Amino acid sequence: MTETEFLDDLLARMTLAEKIGQLNLVTPGGDTATGAVVNTGVADKVRAGRIGSVFGVKSLAAVRGFQDLALQSRLRIPLMFAEDVIHGHRTIFPLPIALAAAFDPALVRRTARVAADEASACGIDQVYAPMVDVCRDPRWGRIAESPGEDPYLASRYAAAMVEGLQGEGIDRPDSVMACLKHFVAYGAPLGGRDYAGADMSPARLHDVYLPPFRAGLAAGAGSVMAGFNTLNGVPMHAHRRLLAGLLRERLRFDGLVVADYTGVAELMAHRVAETGADAARTALEAGVDLDMVSELFVATLAAEVRAGRVAEADVDGACRRVLAAKWRLGLFADPFRRIDRAPAGDRLLTRANRRLARKAVAETCVLLKNAGPVLPLSGRGVLALVGPLADDRVNMSGTWAVNNRPADVVPIRAGLAAVAGPGLAIRHAKGCNIVDDPVLAARLNVHDGHEKSVTIDDRTPERMIEEAVAVARGADVVVAVVGEAKEYSGESSSRVDLRLPAGQRRLLEALRAAGPPLVVVVMTGRPLILHEEAALADALMIAWFPGTEAGHGLADVLIGEAEPSGRLPVSLPFHEGQIPVAYAEPPTGRPFRGRFEKFRTGYVDMPDGFSHDGGVHPFGFGLSYTRFAYGTVRTDRLSVSPGGRLRVEVPLRNVGSRTGSDVVQLYVQAPAGPVSRPVLELKRFAKVTLRPEEERLVVFELTEDDLAASTAETIEDTGRRAQSGLWRIYVGPNARALDSVTVDWRTGPAPALPADAPGRS
Ligand code: BGC
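Here the working numbering is used: the first residue of the sequence shown is 37, the next is one more, and so on.
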């Protein structure tokens, strides 16, 4: 039987109540991260066919139990089980922003494959990942879950995640359905405040915020989640033009649209719906298929249909998409296909999974400074290991690791001891609290069980610093592990102050004064303001939140068993006042030409040496333990005809004494045209590993698609065009150190659409 025949037959046998039941997605609660509301009476409703999908069920036995109940319902329609599997399921990988920093889609794909394998072994069919919200506002806490500021990097990340999660096909027992979220522009909230709305031009929406969704759809993502935000005044759960119009009609997405947590009910708080029935009707008509947690679809839609206010065809359409998802997941063929993969324990946290998590740490660490060079450490002598995150298990996995178990995590102290062995004496001191303010600490601990992520020590801050300084004096090197607590970034965790907490800054100053070389490792879910630390430290490295294998992975990097090969996927701001911040800004009419940075930055109070598009370290920046020399950038032609291609090549040589990797980045700058385009736009990158003295010709190919930008006049308009004229092609190791070639590119007359766009029309 084909999918259509099967669905036609089943739908014809369903009552209205049963169809609406399939649109009801609930969580039985327990361990949900953000829900003020959880659902009740779940078991009875499942048996009665009033629930179609469940998320956040924490044990395989409970999943099995719910599935048994679903099979007791009249039509025996299986449940679909979902979970937030954001950066690993049980084996936790570095945060999404860190994985973006790897500039390595193959690595991202492998981590997603492991996550899918582990999650499916726990009975999960669908995961609420990847989050692909481009973000240029580091005040927003969910930048931790984001692939950063750049639409091209985010698109590569989105495709790799979907490929890894969905594997060879979502019917496979070891695959899960991906869910691209949060559609769309949730990463551009006003003031960086979570859940706040975004206002932007159609072209900006299409050029910056939509590309990763399109890339994820092109990779076959089976579902999309609506954002909590408004866009140009309309909440996404009510955004008919974007959900029904752009996503379904123009982009021809035939998968599932899932509401976010109570997002349907929130239409009342947004004041676009007066009653629950209004909210349900508006969301369904806008294109939301699954109502997450609010249960307003089941509560109101039947009466709305009977009263003639909702067309039954709309319910049928949504129900068909839910059933199609279950069909495609193979659940009608075997409702237990993932549940029975057991023994689940054998699939979780395997040695191979841990190995990958450990490798991912080095690939995602971004080394910003290495004077001396002090890194890698010799691995011998006396090392003072200080800082509130130096011997911590609870924070290492960062935000949204809902199945993380702190007991699985390797702390930095233990990892260093294991990797360095007995030749290295490690002296430890905490040095300071993550934060000293008890009110802030309580907020940061809000999701914690008995193990708190922030504890305030009984010792005074002065006493803790004295102890740390005593440990530091007499050591050969000091490694300070500082930064955020795991929930200092994440959902509902925006910040107005992006510096390290004051107590940590005082500790670093005291350690500097103590004498020995100082290595500062920063754990964070967002780009922090770090220029003072960069001046203070001999070496400065962002380790993000590294996950289960934090300790081993970071020790590999510090001791030189592996090299840090991450690059900044976001600009590091100099000050909160310059936010939003991104390298890809349009030029102004008064670009910098003279000596005074003031004219370039527009900020009189920003010192020389800093830039409006970031602090000291630009997008794409990161050091290796070796050095690379770039040869001259060449292209295979200086003029390109319509429909043509351009080959760009640059020789790269490892001129240091260690094997190492660099991320070769290609940016373009558009010619004069009807609209002002960003000064630079990333279009290609390649992570290249070379032995000492080895040289490689790095080759990229560009087509007209790569040059196209949106010509949208309305938000549903997918039109794009590539401008004819003199294009500058830049290649180099980051967004500031670039060499360029100018090419006369004559583009075709017709608007260009990317070849992979599902919405080619
Ligand atoms: C988040 C989503 C998440 C959902 C379910 C919401 O608060 O915005 O990203 O998938 O909760 O846990």
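For glycine and all other residues, C-beta sits at the position ideal for the given N, C-alpha and C. Remember, it's a predicted structure, so these values are computed and weren't measured experimentally.
Presumed contact (8 angstroms Cβ cut-off) between residue i and residue j, rounded CB distance
{"i": "A155", "j": "V121", "result": "5 angstroms"}
{"i": "G88", "j": "L61", "result": "7 angstroms"}
{"i": "G696", "j": "E740", "result": "That belief does not hold up - the Cβ atoms of G696 and E740 are roughly 35 angstroms apart, past 8 angstroms."}
{"i": "A137", "j": "W580", "result": "7 angstroms"}
{"i": "A142", "j": "L201", "result": "Between L201 and A142 the Cβ distance is about 15 angstroms, and since that is not below 8 angstroms, they are no contact."}
{"i": "G709", "j": "G761", "result": "7 angstroms"}
{"i": "A180", "j": "R562", "result": "6 angstroms"}
{"i": "L332", "j": "A315", "result": "6 angstroms"}
{"i": "L688", "j": "Y766", "result": "Not confirmed; about 15 angstroms, so no contact."}
Residue range of the alpha helix (DSSP H) that includes residue i
{"i": "C355", "result": "348-364"}
{"i": "H567", "result": "567-572"}
{"i": "R449", "result": "448-456"}
{"i": "E154", "result": "141-157"}
{"i": "K81", "result": "78-83"}
{"i": "K395", "result": "387-400"}
{"i": "E54", "result": "52-58"}
{"i": "G539", "result": "538-550"}
{"i": "V490", "result": "Per DSSP, V490 belongs to no alpha helix (DSSP H) and is neither H nor E."}
{"i": "L47", "result": "39-49"}
{"i": "E340", "result": "332-342"}
{"i": "V475", "result": "474-480"}
Terminal residues of the beta strand (DSSP E) in which residue i lies
{"i": "E731", "result": "731-739"}
{"i": "L421", "result": "417-422"}
{"i": "T127", "result": "Neither: T127 is in no beta strand (DSSP E) and is coded neither H nor E."}
{"i": "V507", "result": "Not the beta strand (DSSP E): V507 falls in the alpha helix (DSSP H), residues 497-508."}
{"i": "G696", "result": "696-705"}
{"i": "F664", "result": "664-666"}
{"i": "T778", "result": "775-781"}
{"i": "T725", "result": "717-726"}
{"i": "R681", "result": "681-690"}
{"i": "G761", "result": "761-768"}
{"i": "V518", "result": "513-519"}
{"i": "V99", "result": "First-last for V99: 96-106, but that is the alpha helix (DSSP H), not the beta strand (DSSP E)."}
{"i": "R463", "result": "460-465"}
{"i": "S89", "result": "89-91"}
{"i": "A118", "result": "116-119"}
Top-ranked residue by Cα proximity to residue i, from the options
{"i": "A335", "options": "Q58, G784, V669", "result": "Q58"}
{"i": "L287", "options": "V402, G252, V652, E321", "result": "G252"}
{"i": "A722", "options": "S528, Q103, G656, C158", "result": "G656"}
{"i": "A665", "options": "N690, S677, P643", "result": "N690"}
{"i": "A224", "options": "A195, G256, G177", "result": "G177"}
{"i": "R441", "options": "M559, L384, E399", "result": "L384"}
{"i": "P474", "options": "I462, A465, P687, S489", "result": "S489"}
{"i": "A48", "options": "G353, A748, Q108, F139", "result": "G353"}
{"i": "T560", "options": "L105, G459, L246, P537", "result": "P537"}
{"i": "S433", "options": "A274, L282, A521", "result": "A521"}
{"i": "M328", "options": "A347, L292, V346", "result": "L292"}
{"i": "R802", "options": "T747, A79, R670, D698", "result": "Because the chain is modelled from 37 through 797, residue 802 falls outside the range shown and cannot be assessed."}
{"i": "V699", "options": "L189, R112, A255", "result": "L189"}
{"i": "S95", "options": "N439, H653, L460, Q614", "result": "N439"}
{"i": "A511", "options": "H275, G415, L608", "result": "G415"}
{"i": "D784", "options": "V676, L52, T750", "result": "Reading off the sequence, residue 784 comes out as Gly, not Asp. It is V676 whose Cα lies nearest to the Cα of G784."}
{"i": "V270", "options": "R229, A221, F249", "result": "A221"}
{"i": "P769", "options": "E569, G658, H483, D493", "result": "G658"}
{"i": "E185", "options": "P605, T725, D780", "result": "P605"}
{"i": "G519", "options": "I501, R541, D493, P609", "result": "R541"}
Proximity test, Cβ basis, 8 angstroms: residue i and chain D
{"i": "A618", "result": "Annotation note: the requested chain D is absent from the structure, which comprises a single protein chain."}
### Contained alpha helix (DSSP H) runs [length at least 4] in the segment 202-287, N- to C-terminal order
247-254
- Query: Within the chosen definition, does the segment 372-387 reach the segment 163-178 through at least 3 CB pairs nearer than 8 angstroms?
  - Reply: no
**Request:** Run through the segment 559-608 for me and flag every whole beta strand (DSSP E) of 3 or more residues, listed as ranges in chain order.
**Result:** 575-578
Legend entry - Whole beta strand (DSSP E) elements within the segment 282-319, 3-residue minimum: 292-294
* Is the segment 743-759 touching the segment 236-249 in the sense that three or more CB pairs, one from each, lie closer than 8 angstroms? -> yes
Sufficient close CB pairs (3 or more, under 8 angstroms) joining the segment 740-750 to the segment 704-724: yes
Q. Counting Cβ pairs, one atom from each stretch, are 3 or more of them under 8 angstroms apart for the segment 763-780 and the segment 297-304?
A. no
Review point. Touch check for the segment 730-740 and the segment 672-687: three-plus C-beta pairs under 8 angstroms?
Key: yes
**Asked** Contact between the segment 615-628 and the segment 697-715: three or more CB pairs below 8 angstroms?
**Response** yes
For this session: Would you check if there are 3 or more beta carbon pairs closer than 8 angstroms linking the segment 307-325 to the segment 387-400?
Result: no
Task: Cβ contact (3+ pairs, closer than 8 angstroms) linking the segment 447-454 and the segment 588-598 - done: yes
Given 8 angstroms, three or more beta-carbon pairs between the segment 540-547 and the segment 524-532:
no
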